[in-house]
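A.B. asks: As they're listed, the protein sequences go chains A and B.
Just add 22 to wherever you are in the first sequence, counting from 1, and you've got the working numbering.
Just add 4 to wherever you are in the second sequence, counting from 1, and you've got the working numbering.
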Amino acid sequence: MSWQRKILRVDLTAGTVTSEPLNMEWAMEYLGSRGLGTKYFIEEVGAGVDPLSPANKLIFATGPLTGTMASTGGRYTVITKGALTGAIACSNSGGYWGAELKMAGWDMIVFEGKSPKPVYLLVRDGEVTIEDAAEFWGTSVWHTEEHLKAKHQDPLMRVSSVGRSAEKGCLYAAVVNDLHRAAGRSGVGTVMASKNLKAIAVRGTVGVGNIRDPKAFFDASKAAKKVLADNAVTGQGLPAYGTQVLMNVINEIGALPTRNHKDVQFEGARDISAEAMAEKRPTDGKANLVTNQACFGCTIACGRISQMDKGHYTVENRPQYWGASGGLEYEAAWALGAANGVNDLEALTYANFLANEDGFDPISFGATVGAVMELYEMGVLTKEQIGIEAPFGSAKALTFLAEKTATGEGFGKEMGLGSKRLTEKYGHPELSMSVKGQEFPAYDSRGIQGMGLTYATSNRGACHLRSYTVASEVLGIPIKTDPLATDGKAGLVKAFQDATAVFDSAGICLFTSFAWSLVDVAPQLQAACEGDWSLENLNVVGERIWNMERMFNNAAGFTSKDDTLPKRLTTEPAKTGPAKGLVNGLDKMLPEYYAERGWTPDGIPTPETRARLGL
Amino acid sequence: MIHSLAIARAPAGGAAIEVTLKLFAMLERWLPEGARRNEIRLSVPAGATPADIVVALGLPEALCAIVLIDGAFVPPDQRAHRALAPNEALSIWPPIAGG
Chain A
23 MSWQRKILRV
33 DLTAGTVTSE
43 PLNMEWAMEY
53 LGSRGLGTKY
63 FIEEVGAGVD
73 PLSPANKLIF
83 ATGPLTGTMA
93 STGGRYTVIT
103 KGALTGAIAC
113 SNSGGYWGAE
123 LKMAGWDMIV
133 FEGKSPKPVY
143 LLVRDGEVTI
153 EDAAEFWGTS
163 VWHTEEHLKA
173 KHQDPLMRVS
183 SVGRSAEKGC
193 LYAAVVNDLH
203 RAAGRSGVGT
213 VMASKNLKAI
223 AVRGTVGVGN
233 IRDPKAFFDA
243 SKAAKKVLAD
253 NAVTGQGLPA
263 YGTQVLMNVI
273 NEIGALPTRN
283 HKDVQFEGAR
293 DISAEAMAEK
303 RPTDGKANLV
313 TNQACFGCTI
323 ACGRISQMDK
333 GHYTVENRPQ
343 YWGASGGLEY
353 EAAWALGAAN
363 GVNDLEALTY
373 ANFLANEDGF
383 DPISFGATVG
393 AVMELYEMGV
403 LTKEQIGIEA
413 PFGSAKALTF
423 LAEKTATGEG
433 FGKEMGLGSK
443 RLTEKYGHPE
453 LSMSVKGQEF
463 PAYDSRGIQG
473 MGLTYATSNR
483 GACHLRSYTV
493 ASEVLGIPIK
503 TDPLATDGKA
513 GLVKAFQDAT
523 AVFDSAGICL
533 FTSFAWSLVD
543 VAPQLQAACE
553 GDWSLENLNV
563 VGERIWNMER
573 MFNNAAGFTS
583 KDDTLPKRLT
593 TEPAKTGPAK
603 GLVNGLDKML
613 PEYYAERGWT
623 PDGIPTPETR
633 ARLGL
Chain B
5 MIHSLAIARA
15 PAGGAAIEVT
25 LKLFAMLERW
35 LPEGARRNEI
45 RLSVPAGATP
55 ADIVVALGLP
65 EALCAIVLID
75 GAFVPPDQRA
85 HRALAPNEAL
95 SIWPPIAGG
């Protein structure tokens with residue numbers, strides 16, 4: 023059956039833990055993880071809830087393939103109303119924690135209320151208790167994980183926790199598990215800390231059994247793994263170079279947002295790329311990249327493990343940062359680097375370590391640094407206010423601001439507002455490169471037109487992981503489309519959005535989609551789970567999930583006016599590269615998209631669409 | 005440093021042009037000696053196409069997934085026909101993805 027058919031409900035206000043059966047009727051319609059967790063959330067929480075109030079809930083959800091032998095089957099999703107966005111938030115993480123929760127016998131944990139004091143949840147199979155976290159409240163994610171493993175004398179315990187940035191109210195704080203895997207976006211960590219919930223420590227020995235048809239599942243997962251191994255991207259490119267291999271190609275095509283999107287190409291891109299990470303440093307003769315790493319059950323292994331130059335100004339005489347740890351992925355390298363004009367690879371690595379250590383989203387952080395640097399260059403913010411001179415290109419400003427954001431001290435409190443609130447506070451909201459309050463990731467939508475529509479319509483605010491049309495527009499997966507054209511992008515975005523919702527809800531990694539389509543996922547689900555998981559039904563499930571999220575946002579007050587882009591992208595043409603002279607053509611794509619979706623011209627799902635999807 | 009690259013189909017003694025070649029990821033190993041930071045200046049016969057350069061360097065065609073001239077994608081069916089102009093940059097990647 024692959025679902026454990028059991029969820030935990032934790033009332034933090036009352037200090038109680040109860041077990042409930044999983045709603046299997048909903049599982050048949052929403053699959054698991056992102057889809058099923060969101061269904062629970064919207065059934066239980068009003069759309070108008072204040073994200074940081076006890077009335078908001080926080081759901082950790084696995085999918086039916088989480089913890090199974092399906093490749094990459096280790097994912098879980100954190101669902102809540104986002105602290106950064108006020109929209110539906112569902113932030114997905116890998117590592118080992120999700121599989122551990124499933125192997126402890128639980129599909130999902132629903133946290134509600136707010137604890138009167140700092141606590142953590144201890145899950146040891148069916149024995150689940152709320153424990154006092156006072157002795158490590160105020161410490162980092164890294165300290166918390168080490169502390170809990172030592173306290174419980176269990177090195178195999180998996181820990182998901184929040185750091186000091188979340189405790190201090192940074193609105194883009196992440197939930198971090200396994201030291202450097204994160205449910206990173208939308209401020210899900212901020213919501214967790216607002217409930218005085220520091221960590222969830224899990225040890226699971228029950229396992230994941232009761233696969234519907236074990237032999238068929240073995241055959242289907244084996245065949246799908248062969249597809250990943252035989253594919254040049256998932257079998258060779260990602261393990262060797264990680265996502266960072268994108269840095270140079272996105273720069274070459276003129277879609278690398280640079281200096282708060284003032285430019286679309288960064289002269290220092292090569293210095294912060296995958297190729298640079300693999301080169302020996304002139305300073306110590308060692309490469310930044312130590313090795314790659316896989317999450318639970320993953321046969322791709324795209325993760326980066328890096329080690330810093332011990333003589334770099336950020337870590338000199340600070341041995342706690344000398345070990346090998348989670349290195350730069352593409353999005354982080356872009357946000358910490360090109361977004362600010364910084365090309366010091368070691369400084370970026372250090373800032374990334376801090377984002378892992380104290381749990382904040384490097385994308386929103388880096389993009390906020392970009393806005394701060396632009397405000398500094400305009401003379402709106404001063405050295406005295408920020409605490410350091412902060413022109414574009416200053417590695418020292420970047421690492422200074424990362425340290426302050428990690429601990430919420432000084433200007434770090436302002437940084438924690440995110441770019442939307444910060445730029446509004448200082449009178450220049452137009453400088454926030456965000457949608458629905460969430461900062462853009464690493465693709466400029468003047469050079470990749472479909473990504474403009476992706477960002478504008480993403481249910482969780484600007485995000486590349488809701489519809490990665492870069493795959494088609496730049497990389498030719500599954501087919502090559504013209505990145506500078508708007509024609510056909512409405513249908514492309516819809517197709518990517520719906521399929522992505524299925525990958526996320528199954529409990530597998532979206533990166534499998536570089537080799538797999540739903541044709542490869544369907545037989546694995548069909549063998550593992552009862553129900554109809556045919557390709558046709560999965561397409562409907564994905565569309566249902568997307569519309570469900572949209573309807574929550576509409577009820578929360580979001581309208582078609584929020585499906586927009588900062589005016590920089592629609593009025594200031596790209597200065598260089600193939601997109602020179604172009605702005606994003608959102609005005610053309612958006613009405614086509616609403617029509618493709620079966621929504622009104624105001625962006626609301628029609629009664630016919632809702633009826634067709636069972637909503 | 006400028007590396008002269010002989011193109012099999014080009015007539016001897018014809019005019020030459022200079023272009024920039026950039027090879028990334030696992031294609032780095034095919035960069036001619038003298039390349040730095042993934043790129044090198046090439047002297048090639050006028051009229052040379054991306055396909056000519058791929059063949060001359062011995063690059064496996066299956067690994068040439070993303071072929072750009074000055075950042076613009078060159079579709080597979082045009083790679084043997086689109087002549088490089090002086091000072092254009094030819095950039096090639098194997099199949100890659102990320103996000």
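The C-beta atom is built at its ideal place from N, Cα and C for all residues, glycine as well.
Quick caveat, the model's predicted, so the values are computed rather than measured.
Return the residues of the region 13-40 of chain B that lie within a Cβ-Cβ distance of less than 9 Å from chain A, sorted by chain order.
C.D. replies: Listed in sequence order: Lys-26, Phe-28, Ala-29, Met-30, Glu-32.
A.B. asks: I need the straight-line Cα distance from Glu-153 (chain A) to Asp-129 (chain A), nearest angstrom please.
C.D. replies: If I take the Cα positions, the gap works out to 21 Å.
A.B. asks: Under 8 Å between C-beta atoms, does Gly-102 (chain B) make it to chain A?
C.D. replies: Chain A contact via Cβ: present.
A.B. asks: Could you tell me which residues DSSP pairs with Pro-54 (chain B) in its beta bridges?
C.D. replies: Looking at the DSSP assignment, Pro-54 (chain B) forms no beta bridge with any residue, so it has no partner.
A.B. asks: Helix, strand or coil: which one does DSSP assign to Gly-432 (chain A)?
C.D. replies: It is coil, neither helix nor strand.
A.B. asks: Does chain A have any CB closer than 8 Å to the CB of Ala-76 (chain B)?
C.D. replies: True, the Cβ-Cβ gap to chain A drops below 8 Å.
A.B. asks: Below 8 Å, can you find three or more Cβ-Cβ pairs linking the region 32-52 of chain A to the region 502-510 of chain A?
C.D. replies: Too few Cβ pairs lie closer than 8 Å, so no.
A.B. asks: Just by C-beta distance, which residues in the region 571-602 of chain A are closer than 7 Å to chain B?
C.D. replies: Residues Gly-599, Pro-600.
A.B. asks: Between the alpha carbons of Thr-445 (chain A) and Val-391 (chain A), how many angstroms are there, rounded?
C.D. replies: Answer to the nearest angstrom: the Cα atoms are 11 Å apart.
A.B. asks: Assuming Asp-504 (chain A) and Asn-561 (chain A) make a contact with CB atoms under 8 Å, what is their CB distance in whole Å?
C.D. replies: Not quite, the Cβ-Cβ distance comes to about 25 Å (not below 8 Å), so this is no contact.
A.B. asks: Tell me the DSSP bridge mates of Gln-460 (chain A)?
C.D. replies: According to DSSP, Gln-460 (chain A) bridges with A:Val-457.
A.B. asks: Per the contact definition of three or more C-beta pairs closer than 8 Å, is the region 246-256 of chain A in contact with the region 535-547 of chain A?
C.D. replies: Yes: at least three Cβ pairs fall under 8 Å.
A.B. asks: Can a CB atom of chain A be found closer than 8 Å to the CB of Pro-98 (chain B)?
C.D. replies: Yes, Pro-98 (chain B) lies at the interface with chain A (some Cβ there is under 8 Å from its Cβ).
A.B. asks: Measure from the C-beta of Glu-274 (chain A) to each C-beta in chain B and report whether the shortest distance is under 8 Å.
C.D. replies: Judged by the 8 Å Cβ criterion, Glu-274 (chain A) is in contact with chain B.
A.B. asks: Could you pull the start and end residues of the beta strand (DSSP E) that His-7 (chain B) belongs to?
C.D. replies: Unbroken beta strand (DSSP E) run through His-7 (chain B): 6-8.
A.B. asks: At a Cβ threshold of 8 Å, is Ile-44 (chain B) touching chain A?
C.D. replies: Cβ-Cβ to chain A under 8 Å: no for Ile-44 (chain B).
A.B. asks: Counting C-beta neighbours from all protein chains within 10 Å, is the total for Thr-593 (chain A) 16 or more, i.e. buried, or is it exposed?
C.D. replies: Label assigned to Thr-593 (chain A): exposed.
A.B. asks: For Ile-96 (chain B), which beta-bridge partners are listed by DSSP?
C.D. replies: In the DSSP output, where bridge partners are listed per residue, Ile-96 (chain B) has B:Leu-27, B:Val-71.
A.B. asks: Skipping 5 residues on each side, what residues in its chain have a beta carbon closer than 7 Å to that of Phe-414 (chain A)?
C.D. replies: Closer than 7 Å at Cβ, skipping near neighbours: Arg-281, Asn-362, Gly-363, Met-395, Glu-399.
A.B. asks: Could you tell me if Ala-66 (chain B) is buried or exposed, where buried requires 16 or more neighbouring beta carbons within 10 angstroms of its beta carbon?
C.D. replies: Its Cβ having fewer than 16 others within 10 Å, Ala-66 (chain B) is exposed.
A.B. asks: Within 8 Å, do at least three Cβ pairs link the region 465-479 of chain A to the region 605-624 of chain A?
C.D. replies: Segments in contact, yes.
A.B. asks: Between A:Glu-122, A:Asp-331, A:Gly-472, A:Ala-126, which has its C-alpha nearest Met-299 (chain A)'s C-alpha?
C.D. replies: Closest by alpha carbon: A:Asp-331.
A.B. asks: Beta-carbon of Asn-365 (chain A) versus every beta-carbon of chain C: anything under 8 Å?
C.D. replies: As a matter of chain content, chain C is missing from the structure shown, whose protein chains are A and B.
A.B. asks: Measuring straight from C-alpha to C-alpha, what distance separates Glu-353 (chain A) and Ala-19 (chain B)?
C.D. replies: So the two alpha carbons sit approximately 44 Å from each other.
A.B. asks: Is the region 421-429 of chain A touching the region 547-559 of chain A in the sense that three or more CB pairs, one from each, lie closer than 8 Å?
C.D. replies: At 8 Å Cβ cutoff, the stretches do not touch.
A.B. asks: Using the beta-carbon of each residue, which ones in chain B are nearer than 7 Å to His-486 (chain A)?
C.D. replies: The answer, in chain order, is Gly-103.
A.B. asks: Taking the alpha-carbon of Ala-14 (chain B) as reference, which of B:Leu-63, B:Gly-75, B:Ala-55 has the nearest alpha-carbon?
C.D. replies: Ranking the options by Cα distance to Ala-14 (chain B), first place goes to B:Ala-55.
A.B. asks: Assign Gly-127 (chain A) to buried or exposed, taking buried as 16 or more other Cβ atoms, counted over all protein chains shown, within 10 Å of its Cβ.
C.D. replies: Under this definition Gly-127 (chain A) is a buried residue.
A.B. asks: Just to confirm my understanding: we take Cys-13 (chain A), look at its own chain, exclude 5 residues before and 5 after, and list those with CB closer than 7 Å. What are they?
C.D. replies: Past the boundaries of the shown model lies residue 13 (chain A); chain A is included only from 23 to 637, so the question cannot be answered.
A.B. asks: Using C-beta distances below 7 Å, list every residue in its chain close to Lys-418 (chain A), excluding the 5 sequence neighbours before and after it, in chain order.
C.D. replies: So the qualifying residues of the chain are Ile-410.
A.B. asks: As a quick exercise: from A:Thr-99, A:His-174, A:Ile-275, pick the residue whose alpha carbon is nearest that of Ile-96 (chain B).
C.D. replies: The shortest Cα separation from Ile-96 (chain B) among A:Thr-99, A:His-174, A:Ile-275 belongs to A:Ile-275.
A.B. asks: Out of A:Asp-285, A:Ala-246, A:Ser-182, A:Phe-82, which has the shortest C-alpha to C-alpha gap to Tyr-465 (chain A)?
C.D. replies: The residue with the shortest Cα to Cα distance from Tyr-465 (chain A) is A:Asp-285.
A.B. asks: Looking only at its own chain, which residues have a Cβ that is under 7 Å from the Cβ of Ala-69 (chain A), when we skip the five neighbours before and after it?
C.D. replies: Counting only Cβ-Cβ distances below 7 Å, and skipping sequence neighbours, we find Phe-574, Ala-577, Ala-578.
A.B. asks: For a contact defined as C-beta to C-beta under 7 Å, what are the partners of Leu-72 (chain B) on chain A?
C.D. replies: Per Cβ cutoff of 7 Å: Glu-274, Ile-275.
A.B. asks: Quick check: the Cα distance between Leu-637 (chain A) and Ala-52 (chain B), rounded to an integer number of angstroms?
C.D. replies: If I take the Cα positions, the gap works out to 58 Å.
A.B. asks: Can you list the beta strand (DSSP E) stretches of 3 or more residues lying completely in the region 30-59 of chain A, in chain order?
C.D. replies: Here the runs fully enclosed are 38-43.
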